[in-house]
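This report concerns only the one structure given below.
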Amino acid sequence: MTLYEMKQAFLLGKTIFDLPLKVSYYARVSTEKEEQINSLENQVAFFEDYIRKNKNWTFIPGYVDEGISRYNITKKRKFYENG
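Reminder that position 73 of the sequence shown reads as 55 in this note's numbering, one-by-one numbering, no gaps.
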């Protein structure tokens, strides 16, 4: 769907939830502390469920940052698929 087609759909009263979109997510935590890792897992679970529940959307696996900060550039972002 092009941006023009999206704009036309919005002008007709449609919302983003009505459009046939490929949808993904980006989840991030800033440390490797255990509670942050749990938070990351919760983010991934929430957004995967949220995306999959919309019948018009196609789920695309997301991206996850674990413990990346501006002080530690040795870690890399990674592609993540949880199901």
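Cβ atoms here follow ideal geometry from the backbone N, Cα and C, with glycine treated the same way.
- Taking the Cα positions, K(-4) is about 18 Å away from I33.
- Contact annotation, F(-1) with N36: C-beta distance approximately 6 Å; criterion of less than 8 Å satisfied.
- Where K4 is concerned, the enclosing beta strand (DSSP E) starts and stops at L3 to V5.
- Note that the C-beta distance between L1 and N38 is below 8 Å.
- If you look at F41, you'll find it in the beta strand (DSSP E) that goes W39 to F41.
- Here L(-15) is exposed, its C-beta having fewer than 16 other C-beta atoms within 10 Å.
- Nearest neighbour of T40 by Cα position, chosen from N20, D31 and E(-13), turns out to be D31.
- At a Cβ-Cβ threshold of 8 Å, V46 and L22 count as neighbours.
- Non-local C-beta neighbours of R10 in its own chain, meaning closer than 6 Å and more than five positions away in sequence, comprise D47, ordered along the chain.
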